[in-house]
Amino acid sequence: MFDKTLAELAQGLERGDFSSTELTQAYLQRINALDSQYNSFITVTEEQALAQAKAADEARATGNTGALCGLPIAHKDLFCTQGVRTSSASKMLDNFISPYDATIVSRLKNAGTVTLGKLNMDEFAMGSSNESSFYGPVRNPWGTDRVPGGSSGGSAAAVAARLTPAATGSDTGGSIRQPAALCGITGLKPTYGRVSRYGMIAFASSLDQAGPMARTAEDCAMVLNAMAGFDPMDSTSAERDSEDYTAGLNQPLAGLKIGLPKEYFSAALDAGVAEQVRNAVAEFEKLGASVKEVSLPNTELCIPAYYILAPAEASSNLSRFDGVRYGYRCENPVDLEDLYKRSRGEGFGTEVKRRIMVGAYALSAGYYDAYYNKAQQIRRMIQQDFVAVLNDVDVIMGPTTPQTAFKLGEKSSDPVSMYMEDIFTLSLNLAGLPGISIPCGQTNGLPVGLQIIGNYFAESKLLNVAHQFQQATDWHKQTPAGLEV
Amino acid sequence: MSLDRSDVEQIAHLARLQIDAADIDSYSQALNSILNLVDQMQATNTEGVEPLAHPLDAVQRLRADEVSETNQREALQAVAPATENGLFLVPKVIE
Chain A
1 MFDKTLAELA QGLERGDFSS TELTQAYLQR INALDSQYNS FITVTEEQAL
51 AQAKAADEAR ATGNTGALCG LPIAHKDLFC TQGVRTSSAS KMLDNFISPY
101 DATIVSRLKN AGTVTLGKLN MDEFAMGSSN ESSFYGPVRN PWGTDRVPGG
151 SSGGSAAAVA ARLTPAATGS DTGGSIRQPA ALCGITGLKP TYGRVSRYGM
201 IAFASSLDQA GPMARTAEDC AMVLNAMAGF DPMDSTSAER DSEDYTAGLN
251 QPLAGLKIGL PKEYFSAALD AGVAEQVRNA VAEFEKLGAS VKEVSLPNTE
301 LCIPAYYILA PAEASSNLSR FDGVRYGYRC ENPVDLEDLY KRSRGEGFGT
351 EVKRRIMVGA YALSAGYYDA YYNKAQQIRR MIQQDFVAVL NDVDVIMGPT
401 TPQTAFKLGE KSSDPVSMYM EDIFTLSLNL AGLPGISIPC GQTNGLPVGL
451 QIIGNYFAES KLLNVAHQFQ QATDWHKQTP AGLEV
Chain B
1 MSLDRSDVEQ IAHLARLQID AADIDSYSQA LNSILNLVDQ MQATNTEGVE
51 PLAHPLDAVQ RLRADEVSET NQREALQAVA PATENGLFLV PKVIE
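One line per chain: the protein sequences are A and B, in this order. Going by full-length UniProt numbering, the final residue of the first sequence carries number 485, and the count climbs one at a time with no gaps. Going by full-length UniProt numbering, the final residue of the second sequence carries number 95, and the count climbs one at a time with no gaps.
Structure representation (structure tokens):
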């Protein structure tokens, strides 16, 4: 049962093979039995899950069910969930019981999903290895001495370990796609504005975007159907009609034009990853696609631009954590400044403090033009590169990450080497474009991710392209060695 | 451009972050390596390029100035560190 996709579980519920209550109990037992190996959950919401499952079974009995009714899911712990701790994996919010639901949480609840719990992540989504969590690192099911990637590392590991059939994630610089690649699952970052940010604890508001993570593109399409859509509560929500992302999955790929950016296949790319990505591209040629080399000349500049813009926005967003209205407060503050400084100094972890300081510095008097303004100009150049290429091809393909899952501790002492991990993913957040990572091969027994990039609001196209690949190959069906399913 | 201890202390003060004196050197080292990385931008000619703040160049959506929210003070203050009579408590600010 645990090897079934969300779509297969939906059919099982529909046929009456099992009830949502039975399904939910089975997953809760599995989490309880296995998650000590991975540490992918921060909170398991057993009581709520069983109540939601019961309600879903009752709804099904009256024939009143949508596609997701009764299916289990788990949320990254930065999506506010009413009555449940929502920590952003920070000591700062260890005691925060959210008084309201994020829009995506309420949308998925309304669709009848069952929330199994809240998933581990890098603190405030700042990291690429899930080692900065206050609740300890997450371990990769493909090798528990390896990182799952980050920041949605708990989401990716839980799906890979079959502890949940689907999860939500958020992606500010690669935080859905990179862990999806490292854990051998499928993860989609939608176009900026396609999914509401309301109730998602903010990191960098002009880059943050929520999306689905699951085993297959079809499952991601099902979850995105419930997540996406205009939300008046998010001031940058895109005012567009909803669409059915499952509708176009079966379109053939004959005539699809694929661009391969030459900058993505540079010397920094692991040879095994490069080989698997090229094999995947050859598979698309068999499916009728044509391939040409393209150029994204400012690729390397995405890292410096991102590491000004994201910390600048973070330093502003995280100013709300002041020890006054909610969250951690230090003991015995002597005055208001002491309250602010010690609550923040004690409540935030090292990487969060680093980024707040980089941002505060970049925005401080005298440095704005040299850093923030310059980075925004480079952001425009990166976007223009994509616009030019996407006028010429339908999708861009390349590796999601420069290498496979690395060992815990390998990069945690050097922030800059960790930042290089995101070289292929950051640019999409800067440009606001959608991208999906799918498993496309293995090297040395570890999964390799293929990133597929599309034009603005081309999520249906990306899901279609990914689904067709998954119909022709079985990389998405591979199971970590030793994992019982 | 390199940050020394006093620069790091000043930035930490601006960001209202208490940093232990023993940790200042390691923060200063990390911030300098990050700033070295971002300084790669400076070699790029960006003259005449319009800064990009929103990927789709959207502007702020406005709504009518009408009350749309109900009072949720109790629910929202239930998670506050210290409150009294509906107010948030902080250390004495005015003598």
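Don't be surprised by glycine CBs; every beta carbon is placed ideally from N, CA and C. Every value quoted in this text rests on a predicted model; they were computed, and no experiment measured them.
Closer than 9 Å to the CB of A:V358 there is at least one CB belonging to chain B. Relative to the Cα of B:D4, the nearest Cα in the group B:Y27, B:R16 and B:L56 belongs to B:Y27. Secondary structure at A:L116: strand, using DSSP grouped into helix, strand and coil.
Under the 9 Å criterion on CB atoms, A:Y264 is classed as non-interfacial with respect to chain B. Shortest Cα-Cα distance from A:I104 to any of A:N120, A:S88 and A:T81 involves A:T81. Taking C-alpha positions only, A:R30 is separated from A:T186 by approximately 21 Å. Between A:D94 and chain B, the shortest Cβ-Cβ separation is not below 9 Å.
When 9 Å is used as the limit between beta carbons, B:V79 is near these residues of chain A: N95, F96, I97, S98, P99, R325, Y326 and G327, in chain order.
Chain B places no beta carbon closer than 9 Å to that of A:A267, leaving this residue out of the contacts. Excluding the 5 residues flanking it on each side, A:D394 has same chain C-beta neighbours closer than 6 Å at L256 and K257, in chain order. Taken atom to atom, the span from the alpha-carbon of A:E218 to that of A:G327 is near 38 Å. Remark: three or more beta-carbon pairs, one from each stretch, lie closer than 8 Å, so the segment 431-438 of chain A and the segment 455-473 of chain A are flagged as touching. Under the Cβ distance rule, B:S6 does not count among the residues neighbouring chain A, no pair being separated by less than 9 Å. Using beta-carbon distances, B:N85 does not count as an interface residue toward chain A, since no partner is under 9 Å. When the Cα atoms are used, A:L207 and A:D17 turn out to be separated by approximately 42 Å. Checking the DSSP bridge columns, you'll see A:G143 partnered with A:N140.
For A:V389, there are no C-beta contacts with chain B under 8 Å, since the nearest C-beta of that chain is about 16 Å from it. Selection A:M92, A:M200 and A:K374 evaluated against B:E47 yields A:K374 as nearest (Cα-Cα). For B:A30, the chain A residues whose C-beta falls within less than 8 Å of its own C-beta are R354 and P415, listed in chain order. In this structure, the beta-carbon distance from A:T425 to A:D77 does not fall below 9 Å. Residue pairing of B:F88 in beta bridges, as defined by DSSP: B:T83. Taking a C-beta cut-off of 8 Å against chain A, the contacting residues of the segment 44-70 of chain B are T44, T46, V49, E50, P51, L52, A53, H54, P55, L56, A58, Q60, R61 and R63, listed in chain order. Checking the DSSP bridge columns, you'll see A:D234 has no partner listed.
Taking the Cβ atoms as the reference, A:A214 lies roughly 6 Å from A:V223, within the contact range of under 8 Å. Per DSSP, the continuous alpha helix (DSSP H) segment holding A:F386 begins and ends at K374 to L390.
For A:I453, no chain B residue has a Cβ inside 8 Å of its Cβ, as the nearest lies near 13 Å away. In the DSSP assignment, A:I258 is bridged to A:V291 and A:V395. Per DSSP, reduced to three states, the secondary structure at A:C80 is coil, with no helix or strand assignment. In the structure shown, A:R320 falls within a helical segment according to DSSP collapsed to helix, strand and coil. Taking the C-beta atoms as reference points, A:G359 is found nearer than 9 Å to A:E313. Comparing alpha-carbon positions, the option among A:T113, A:A282, A:G445 and A:V138 lying closest to A:G272 turns out to be A:G445.
A direct Cα-Cα distance of roughly 12 Å separates A:D101 from A:M233. Non-local beta-carbon contacts of A:G398 in its own chain, meaning distances under 7 Å to residues more than five positions away in sequence, involve L260, P261, Y264, V277, F424 and Q451 in chain order. Bridge partners of A:F41 according to DSSP: A:L119. Taking C-beta separations shorter than 7 Å and ignoring five residues to either side along the sequence, the partners of A:T400 in its chain run R177, Q178, A181, F424, T425, S437, G449, L450 and Q451, following chain order. In the structure shown, the three-state DSSP call for A:A161 is coil.
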